[in-house]
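If you're matching positions, the sequence shown starts at 927 in my numbering and goes up one per residue.
A virtual CB, placed ideally from N, CA and C, is assigned to each residue, including glycine.
If you're wondering where the values come from, they're calculated on a predicted model, not measured in any experiment.
Data block below; observations after.
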Amino acid sequence: MDATARREYLRAAAQEVGFDVFGIAPVDVDVRADYFRRWIAEGMHGDMTWMEKNPQRRTEAKQVLPEARSIVVVGLNYYQPHPPAAYRIAKYALGEDYHGVLLKRLKKLCTVMRSLGGEQKPYVDTGPVLEKPVAAEAGLGWQGKSTILLQKGFGTWLFLGVIITTLELTPSSKQPNRCGSCTRCIEACPTSAIIAPYQLDARKCLAYLTIEHQGAIPLAYRFALGDRVYGCDDCLDVCPWNRWAQNTKEARFAPRPHPVLRDTLAWTEEEFVEHFRGSPIKRLGLHRWWRNALTVLGNTGSRDDLPAVLKLINHDDAMVADHACWAEEQIRQRLRKQEIA
Ligand code: SF4
Ligand code: SF4
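Written out as structure tokens, the structure reads:
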């Protein structure tokens, strides 16, 4: 089998194990390393300090697997509409954690690749590879102005998996950037986190602030957070390339029931872990869940939410107490305005 026949054989195998898109990038793929290093140097990654470690491993696949010859990139569609609920969770986190689902399929594909004589290193997004620029180089789509990978068929709703391999595989053709004059994602961002086309300041991004950020939500962003308890899809929801999005076939991504927000303020650690077992939200921990929930209740809560909020006002964790005070103040101000009106 030559390098092109091997690629096509693996394309069929990837489809067989349940991936929706597949492509090959050359091992010396251009991942815009200078841009990545500048982004880190300017501190735009915020608290995500793990991104500072081993920059060479992130930008050179041969640092991970010296004999590597190619990079396989696969995508799995996770689109589904937001379920009707009193608050929003980003679509990617509505159901089961995608890391396990993807890794299982990647390992099946690695078994096929091993039968062709390859040695492989599979990664979901916790690995050393900058998966979005690599996926663009592998012809899966293009990085849009929001910095997300877009694909003509599935839009912005793809989980990406990467396999660094010693197999020689013919690289796929790159897709042109089809953003054109569109700027919808930039205009839709509630915090102006897309500071210029193709440049995201994570420190301003609600997805970062509600998921990765460790401390209190800065006051400047609490109103903009609105009803988003975990993540933000605004720049994705408005993308015109999502008009052909199809519902995911993966039943494990189906939405779990949203608990009543004020009820979660009385949860114990065990109840939090039990509710979010198998969900990406579990990694947040109870106190940061409360931080986010209290911000949402500050923005949307009613008189009925006040008793649950007040119970956290003297909490030992200063971040929780601060957010409870803020939420109480916002709810009371809203009630005062309603009384005057
Ligand atoms: S996820 Fe939300 S806050 Fe972040 S860049 Fe997109 S629209 Fe802006
Ligand atoms: S919203 Fe427009 S500019 Fe933004 S990624 Fe989609 S096509 Fe590109």
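{"Query": "For ligand 1, is there a heavy atom less than 7 Å away from the beta-carbon of P1206?", "Result": "no"}
{"Query": "Rounded to whole angstroms, how far is the Cβ of L1191 from the Cβ of A1219, which I believe are closer than 8 Å?", "Result": "7 Å"}
{"Query": "Can T1109 be considered in contact with ligand 2, in the sense that its beta carbon sits closer than 7 Å to one or more heavy atoms?", "Result": "yes"}
{"Query": "Anyone know if the C-beta pair for R1104 and W1252 falls short of 8 Å?", "Result": "no"}
{"Query": "Quick check: is any heavy atom of ligand 1 less than 7 Å from the C-beta of T1117?", "Result": "yes"}
{"Query": "Skipping 5 residues on each side, what residues in its chain have a beta carbon closer than 6 Å to that of C1115?", "Result": "C1161"}
{"Query": "On the DSSP letters alone, give me the boundaries of the alpha helix (DSSP H) that R1209 sits inside.", "Result": "Taken as a continuous stretch (DSSP letters only), R1209 belongs to no alpha helix (DSSP H), as it is neither H nor E."}
{"Query": "When burial is assigned at 16 or more other CB atoms within 10 Å of the CB, is G949 buried or exposed?", "Result": "buried"}
{"Query": "State the beta-bridge partners of A951 as determined by DSSP.", "Result": "I997"}
{"Query": "Which same chain residues end up closer than 8 Å to I1257 when comparing Cβ atoms and leaving out the 5 residues on each side of it in sequence?", "Result": "L1223, G1224, G1227, S1228, R1229, D1231, L1232 and V1235"}
{"Query": "Ignoring anything shorter than 4 residues, give me the alpha helix (DSSP H) runs that lie fully in the stretch 1096 to 1135, in order along the chain.", "Result": "1110 to 1114"}
{"Query": "Give the range of the alpha helix (DSSP H) segment to which L1145 is assigned.", "Result": "L1145 to L1151"}
{"Query": "Using 8 Å as the cut-off, can you tell me whether the stretch 1060 to 1077 makes contact with the stretch 969 to 977, which would need three or more C-beta pairs spanning the two stretches below that distance?", "Result": "no"}
{"Query": "So, is S1098 buried or exposed, given that buried needs 16 or more other C-beta atoms within 10 angstroms?", "Result": "buried"}
{"Query": "So, under 8 Å CB-CB, S996 and V953 are touching, yes? Tell me the CB distance rounded to an integer number of Å.", "Result": "6 Å"}
{"Query": "Is any non-hydrogen atom of ligand 1 found closer than 7 Å to the C-beta of D1160, if you look at the structure I gave you?", "Result": "yes"}
{"Query": "Which class does P1233 belong to by DSSP, given the choice of helix, strand or coil?", "Result": "helix"}
{"Query": "Looking at A1019: is its Cβ nearer than 8 Å to the Cβ of P1185?", "Result": "no"}
{"Query": "Among A1177, W1215 and E942, whose alpha-carbon lies nearest the alpha-carbon of E1195?", "Result": "W1215"}
{"Query": "What are the start and end residues of the beta strand (DSSP E) that includes Y1049?", "Result": "Q1046 to Y1049"}
{"Query": "Kindly indicate the opening and closing residues of the beta strand (DSSP E) around Y1156.", "Result": "R1154 to Y1156"}
{"Query": "Measuring only the C-alpha atoms, how far is E934 from W1167?", "Result": "27 Å"}
{"Query": "If the criterion is Cβ atoms closer than 8 Å, does the pair K1017 and Q1006 meet it?", "Result": "yes"}
{"Query": "By the three-class DSSP mapping on this structure, what secondary structure does G944 have?", "Result": "coil"}
{"Query": "State yes or no: is the C-beta of G1070 nearer than 7 Å to some heavy atom of ligand 2?", "Result": "yes"}
{"Query": "Evaluate contact between the stretch 1120 to 1132 and the stretch 1174 to 1184, counting only Cβ atoms and requiring at least three cross-stretch pairs below 8 Å.", "Result": "no"}
{"Query": "Helix or strand or just coil, what does DSSP make of T1190?", "Result": "helix"}
{"Query": "Between Y1134 and I1015, is the Cβ-Cβ spacing less than 8 Å?", "Result": "no"}
{"Query": "Around the Cβ of I1137, are there at least 16 other Cβ atoms within 10 angstroms (buried) or fewer (exposed)?", "Result": "buried"}
{"Query": "Just to confirm the assignment, what range does the alpha helix (DSSP H) spanning F1085 have?", "Result": "Counting along the chain, F1085 falls outside any alpha helix (DSSP H), though it belongs to the beta strand (DSSP E) covering L1084 to T1091."}
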